[in-house]
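Engineer: Residue 391 in numbering that gives the first Met the number 0 is what sits at position 392 of the sequence shown, and the numbering runs on without skipping anything. Every residue, glycine too, gets a C-beta built ideally from N, C-alpha and C. Since we're looking at a predicted model, the values are computed, not measured. The structure is given below, and queries will be raised subsequently.
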Amino acid sequence: MADERALDEVVTFTSDLIRFDTTNRGGGDCQERPAAEYAAARLAEAGLEPVLLERTPGRTNVVARLEGTDPSADALLVHGHLDVVPAEAADWSVHPFSGEVRDGVVWGRGAVDMKNMDAMILAVVRAWAREGVRPRRDVVIAFTADEEASAEDGSGFLADRHADLFEGCTEGISESGAFTFHDGSGRQIYPIAAGERGTAWLKLTARGRAGHGSKVNRENAVTRLAAAITRIGEHQWPLRLTPTVRAALGELAALYGIEPDLSDVDALLAKLGTAGKLVEATVRNSANPTMLDAGYKVNVIPGEAVAHVDGRYLSGAEDEFRATMDRLTGPDVDWEFAHHEVALQAPVDSPTFALMRAAVEEFAPEGHVVPYCMSGGTDAKQFSRLGITGYGFAPLKLPEGFDYQALFHGVDERVPVEALHFGVRVLDRFLRTA
């Protein structure tokens, strides 16, 4: 088991990493290098030989390999990203890059997404070095840049240009799984991610006839665009159940003693109450208009109008998504992918999933582990290009009222010290047996 020093270090490392402002606003406006150098130094102190890799100056990734005892075993990738989304300091109770530890809680941007997991990885590896522990299989550790944007400077760059560093890796673990979900009636659920919806960020362009705002114009680009995004926003997507979502619904229904009637999934979700939130965003494709840009003067009808849409699609449902977009945009609006990544599906009956389940249950025997599919995406998409099956497993034991999912990209992001201690213990237990 991880020693007391590891429990202290995970708090220190989380706080220290938060203090590096690695805000990713997109468009290349980010500097992960100071955080990457910090992480690399901690790995080097544990006897590893990390390499720092950049596609763009300052957009730094760290990769290191810890050799296992069984050379014939497949390797395991353990990865976390170093960048974070923006935070407006005026909205926060503490400065988002203070890393302040107050009343048993570590505060700051990245506390749950995902510098906490980065710190857990560092703490576990260093504890093993002190104890002389080696895992059964090779463990490849990667700290990446640019996950909060396109990943072109991070996992995409690593997968495309440095595949040799991940030789032998068949499975990987990263963010957004094994956290405590309180259902409001006393049950504690620990969802482990075994799938992700695909990413389809779209740019819509409507073209028309420019003209004076006082004249009749039946070819108004703004009107055409508005009609298209209204159709998209109001569209009711049909039900599409992936194997992971079916498994999630089955296990949740069993937990609540409900007949798992998949002929009426919406009714089943309603019966599951708050636990249905773990599944409801992943039973369908989705497309949400998010940005509009048109015109330059109130009395001028522009010849072009642009919108952006955050689209997500389930495994096996990309063709349907494309066809639906063609139909909803209509003949006067063109659409294209601004960013496009695959949907993922991982087996929930694998030995690795069973070991993750067992590790959580050892330290949270009152908890109920279930599989789930992420509504969004992670670096696992890019690493899947190398044939790596990805799971979401960044364990945290959270008190009731502590809404993990709301803190992702939210104001006053924070993580309890005890949650970090739990995460280190569970991650240590899993990696020793994996």
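Among all the DSSP beta bridges, which residues are the ones paired with A199?
Structural biologist: Here residue 199 is taken as the residue at index 200 of the sequence shown, counted from 1. G310 and H339.
Engineer: If you follow the alpha helix (DSSP H) that H420 is in, where does it begin and where does it stop?
Structural biologist: Against the sequence shown, residue 420 aligns to sequence position 421. Where H420 is concerned, the enclosing alpha helix (DSSP H) stretches over V416 to T432.
Engineer: Quick one: what does DSSP say Q235 is sitting in, helix, strand or coil?
Structural biologist: The residue you call residue 235 lines up with position 236 of the sequence shown. Here Q235 sits in coil by DSSP.
Engineer: Does the segment 164 to 181 touch the segment 388 to 397, meaning 3 or more C-beta pairs lie closer than 8 Å?
Structural biologist: These segments touch.
Engineer: Specify the secondary structure class of R91 as computed by DSSP and reduced to three states.
Structural biologist: Numbered from 1 along the sequence shown, position 92 holds the residue referred to as residue 91. Note that residue 91 is Trp in the sequence shown here, rather than Arg. Correct three-state label for W91: coil.
Engineer: Count the other CB atoms, across all protein chains shown, that sit within 10 Å of the CB of D28; report buried if there are 16 or more and exposed otherwise.
Structural biologist: Indexing the sequence shown from 1 puts residue 28 at position 29. Exposed, because fewer than 16 other Cβ atoms sit within 10 Å of the Cβ of D28.
Engineer: Relative to the C-alpha of T120, which residue among G256, A141 and D69 is closest?
Structural biologist: Taking the first residue of the sequence shown as position 1, residue 120 is located at position 121. Here residue 120 is Ile; the residue named in the question, Thr, does not match the sequence. Per the Cα distances, A141.
Engineer: Where does E147 fall in DSSP's three states?
Structural biologist: For the purposes of this step, residue 147 is identified with residue 148 of the sequence shown, where counting begins at 1. Coil, per DSSP.
Engineer: Considering only the alpha carbon of each residue, which of L419, Y403, V410 and V425 lies closest to H181?
Structural biologist: As a working note, residue 181 is residue 182 in the sequence shown. Taking only the C-alpha atoms, the option nearest H181 is Y403.
Engineer: Would L81 and A63 be called neighbours here (beta carbons separated by less than 8 Å)?
Structural biologist: The residue labelled residue 81 in the question sits at position 82 within the sequence shown. The residue labelled residue 63 in the question sits at position 64 within the sequence shown. No.
Engineer: Would you list, in sequence order, the uninterrupted beta strand (DSSP E) runs of no fewer than 3 residues that lie entirely inside the segment 366 to 418?
Structural biologist: Qualifying beta strand (DSSP E) stretches, in chain order: 366 to 373, 388 to 391 and 413 to 415.
Engineer: Take M304 and list the residues in its own chain whose beta-carbon comes closer than 6 Å to its own, dropping the five residues that flank it on each side.
Structural biologist: Reading the sequence shown from its first residue, position 305 is the one you call residue 304. The amino acid at residue 304 is misidentified as Met; the sequence shows Ala. Result list for A304: A205, A220, V221, L224 and A293, in chain order.
Engineer: Answer yes or no: do G67 and R136 have a C-beta to C-beta separation smaller than 8 Å?
Structural biologist: Within the sequence shown, the letter at position 68 stands for residue 67. Within the sequence shown, the letter at position 137 stands for residue 136. Yes, Cβ-Cβ distance for G67 and R136 is below 8 Å.
Engineer: Within a Cβ cutoff of 6 Å, which residues of the same chain sit near D20, ignoring the five residues on either side of it in sequence?
Structural biologist: Reading the sequence shown from its first residue, position 21 is the one you call residue 20. For D20, where only same-chain residues beyond five positions count, the Cβ hits under 6 Å are F96.
Engineer: DSSP three-state call for T22: helix, strand or coil?
Structural biologist: One-based indexing of the sequence shown puts residue 22 at position 23. T22 falls in the strand class under three-state DSSP.
Engineer: Quick check: what's the CA-CA separation for L430 versus A162?
Structural biologist: Taking the first residue of the sequence shown as 1, we reach residue 430 at position 431. Taking the first residue of the sequence shown as 1, we reach residue 162 at position 163. Roughly 22 Å between the two C-alpha positions.
Engineer: Alpha carbons only, please: which of P242, T243, P134 and L271 is nearest the one belonging to G256?
Structural biologist: Indexing the sequence shown from 1 puts residue 256 at position 257. Taking only the C-alpha atoms, the option nearest G256 is L271.
Engineer: When you compare only the Cα positions, how much space is there between S14 and L6?
Structural biologist: Counted from its first residue, the sequence shown places residue 14 at position 15. Counted from its first residue, the sequence shown places residue 6 at position 7. Their backbone Cα atoms lie some 13 Å apart in a straight line.
Engineer: Do you know how far the Cα of K214 is from the Cα of L277?
Structural biologist: Counted from its first residue, the sequence shown places residue 277 at position 278. Counted from its first residue, the sequence shown places residue 214 at position 215. So the two alpha carbons sit approximately 51 Å from each other.
Engineer: Restricting to Cα atoms, I'd like to know which of P190, T11 and I228 is closest to V347.
Structural biologist: Taking the sequence shown and counting its residues from 1, the one referred to as residue 347 is at position 348. Minimum Cα distance to V347 is reached at P190.
Engineer: Are the segment 109 to 117 and the segment 78 to 93 touching by the rule of at least three beta carbon pairs closer than 8 Å?
Structural biologist: Flag = yes, the segment 109 to 117 and the segment 78 to 93 touch.
Engineer: Between the Cα of V359 and those of V105, V93, R424 and W106, spot the shortest distance and give me the residue it belongs to.
Structural biologist: In the sequence shown, residue 359 corresponds to position 360, counting from 1. Answer by Cα proximity: R424.
Engineer: State the DSSP-derived secondary structure class of N287, mapped to helix, strand or coil.
Structural biologist: Within the sequence shown, residue 287 is the residue found at index 288, counting from 1. DSSP places N287 in strand when its eight states are reduced to three.
Engineer: Identify which residue in V299, S285 and A316 has its Cα closest to the Cα of G310.
Structural biologist: Here the question's residue 310 lines up with position 311 in the sequence shown. Per the Cα distances, S285.
Engineer: Taking the straight line between their C-alpha atoms, what separation do you get for H234 and P350?
Structural biologist: Here residue 234 refers to the residue found at position 235 of the sequence shown. Here residue 350 refers to the residue found at position 351 of the sequence shown. Taking the straight line from one Cα to the other gives about 40 Å.
Engineer: On the criterion of 16 or more Cβ atoms from any shown chain inside 10 Å, does G376 qualify as buried, or is it exposed?
Structural biologist: Numbered from its first residue, the sequence shown carries residue 376 at position 377. With 16 or more Cβ atoms within 10 Å of its Cβ, G376 is classed as buried.
Engineer: Run through DSSP, which three-state label would E434 get?
Structural biologist: There is no way to answer for residue 434, as the model of the chain reaches only from 0 to 433.
Engineer: Using CA atoms only, rank isn't needed, just tell me which of G386, A158, G389 and R133 is closest to T143.
Structural biologist: Here residue 143 is taken as the residue at index 144 of the sequence shown, counted from 1. Closest option to T143, Cα to Cα, is A158.
Engineer: Is it true that the CB of A252 sits closer than 8 Å to the CB of L268?
Structural biologist: Counted from its first residue, the sequence shown places residue 268 at position 269. Counted from its first residue, the sequence shown places residue 252 at position 253. Cβ distance not < 8 Å, so L268 and A252 don't count as in contact.
Engineer: Grouping DSSP H, G and I as helix and E and B as strand, with all else coil, what is Y255?
Structural biologist: Along the sequence shown, read from residue 1 onward, the residue named residue 255 stands at position 256. Note: Y255 maps to helix in three-state DSSP.
Engineer: Which term fits G329, buried or exposed, when burial requires 16 or more other beta carbons within 10 angstroms of its beta carbon?
Structural biologist: Here the question's residue 329 lines up with position 330 in the sequence shown. G329 comes out exposed.
Engineer: List the whole-angstrom C-beta distance separating V139 from L164, where the pair is believed to meet the contact cut-off of C-beta under 8 Å.
Structural biologist: Locating residue 139 in the sequence shown gives position 140, counting from the first residue. Locating residue 164 in the sequence shown gives position 165, counting from the first residue. Contact flag correct, Cβ pair sits at about 7 Å.
Engineer: How about E87 and V93: are their beta carbons less than 8 Å apart?
Structural biologist: Within the sequence shown, the letter at position 88 stands for residue 87. Within the sequence shown, the letter at position 94 stands for residue 93. No; because the gap between Cβ atoms is not below 8 Å, this pair is not in contact.
Engineer: CB-CB under 7 Å to E340, same chain, minus the five flanking residues each way: which ones, in chain order?
Structural biologist: Counting from 1 along the sequence shown, the entry for residue 340 is found at position 341. G197, T198, G376 and K380, listed in sequence order.
Engineer: Taking T281 as the reference, which of T243, Q30 and R18 has the closest Cα?
Structural biologist: Indexing the sequence shown from 1 puts residue 281 at position 282. Comparing Cα positions, the closest option is T243.
Engineer: Give the C-beta separation of N23 and A148 to the nearest angstrom, bearing in mind that I take them to be a contact with Cβ-Cβ under 8 Å.
Structural biologist: Along the sequence shown, one-based indexing puts residue 23 at 24. Along the sequence shown, one-based indexing puts residue 148 at 149. Contact holds; Cβ gap of about 5 Å.
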